[in-house]
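Here is the structure we will look at.
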Amino acid sequence: MTKSELANVYRDYIACLNRQDWPLLARFVHEDVKHNGEQLGVSGYRRMLERDFSEIPDLSFNVELLVSDPPYIASRLRFNCTPKERFLGLGVYGRRVSFAENVFYELRDEKIVQVWSVIDKAAIETQLQAN
0 MTKSELANVY RDYIACLNRQ DWPLLARFVH EDVKHNGEQL GVSGYRRMLE
50 RDFSEIPDLS FNVELLVSDP PYIASRLRFN CTPKERFLGL GVYGRRVSFA
100 ENVFYELRDE KIVQVWSVID KAAIETQLQA N
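In numbering that gives the first Met the number 0, the protein residues as written are 0 to 130.
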């Protein structure tokens, strides 16, 4: 898979998430997928995403930066959303917050098999202190 093909697969994956097209998720996510070292499988990965959308109804994944080096993808995702309750242990409770997530993906057989993710929690804390 070329760099541009891999980048296109990733953009299709992000579009799938934003549509919440859960039946299509297995097209992008390997049955043995791990998230930050935790074995989830496709069903666990789907539950994680469904929970995220339930807790953050206006959740939208926006690709700010994308680097493709097969079999890896590095992405900086930007979020501007309104979590309903607590988020990352912080009392957001319906306030709009903006933050980034830096994510690395490893693909096998053109599917995501590993995800390493770090959310900029400090950016959210700063916004909550300002309100």
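Don't be surprised by glycine CBs; every beta carbon is placed ideally from N, CA and C.
With distances taken between CA atoms, residue 83 lies nearest to 50 out of 112, 50 and 125.
Under the 10 Å beta carbon count, residue 12 is surrounded by 16 or more other beta carbons and is classified as buried. Its chain contains 70, 71, 112 and 113 as the residues whose beta carbon lies nearer than 7 Å to that of residue 105, once the 5 sequence neighbours on both sides are disregarded; these appear in chain order. Burial check for residue 74: the Cβ neighbour count within 10 Å reaches 16 or more, so the residue is buried. By the Cβ criterion, the region 32-51 is not in contact with the region 90-104, since fewer than three pairs of Cβ atoms, one from each stretch, lie closer than 8 Å. Apart from the 5 residues on each side of it in sequence, residue 64 sits with its Cβ closer than 6 Å to the Cβ of 75 in its chain, given in chain order.
A residue is called buried when at least 16 other Cβ atoms come within 10 angstroms of its Cβ; residue 9 meets this threshold and is buried. Within a 10 Å sphere around the beta-carbon of residue 67 sit 16 or more other beta-carbons, which makes this residue buried. By the C-beta density criterion, residue 87 is exposed, having fewer than 16 other C-beta atoms within 10 angstroms. Taking 4 residues as the minimum length, the region 46-71 contains no alpha helix (DSSP H) run wholly inside it. Per the C-alpha coordinates, the member of 39, 94 and 19 positioned closest to residue 85 is 94. Counting the other CB atoms within 10 Å of its CB gives residue 62 a total below 16, which places it among the exposed residues.
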